[in-house]
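Undergrad: Have a look at this one before I ask anything.
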Ligand SMILES: [Fe+2]
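In the numbering used here, the protein residues as written are 15 to 127.
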């Protein structure tokens, strides 16, 4: 799949996540950021953005596990992107191991080939 289309899809998901955040809908924002994480993993900047936003949501929720998990992922995520270690489908939250591949959402399968 064309990397430009994947990048455009990342931008769509991240923009939608920002709108959800602005509306105060943290659950929807987190769901959209998970999708942005799946799409953005190949690029250090977008990948780190996803973890930064998850960290902020974890902070707002006073979720210590999420905050700790995101601090680790924020430190390592950009490096893993740079090294090409990209667990397919990983949603990026602290509820899943950082390097565990996961099933892709059906509508992202073609974009992530
Ligand atoms: Fe990640």
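Here a beta-carbon is modelled for each residue, glycine too, at the ideal position from N, C-alpha and C. Computed from a predicted structure; not experimentally measured.
Look at the Cβ atom of residue 74, then the Cβ atom of residue 40, and state whether they are nearer than 9 Å.
TA: Yes, the pair counts as a contact, with Cβ atoms nearer than the cut-off.
Undergrad: Please find out if some non-hydrogen atom of ligand 1 comes closer than 8 Å to the beta-carbon of residue 58.
TA: No, ligand 1 has no heavy atom inside 8 Å of this Cβ.
Undergrad: Say whether the region 48–60 touches the region 103–118, bearing in mind that this needs 3 or more beta-carbon pairs closer than 8 Å, one atom from each stretch.
TA: Touching, yes.
Undergrad: Taking a contact to mean a Cβ-Cβ separation below 9 Å, would you say residue 60 touches residue 17 in this structure?
TA: Cβ atoms of residue 60 and residue 17: not closer than 9 Å.
Undergrad: What whole-angstrom Cβ distance do residue 67 and residue 31 have, given they're in contact under 8 Å?
TA: Rounded, the Cβ-Cβ distance is 7 Å, consistent with contact.
Undergrad: How many Å lie between residue 81 and residue 53 at the Cα?
TA: Computed Cα separation, rounded: 22 Å.
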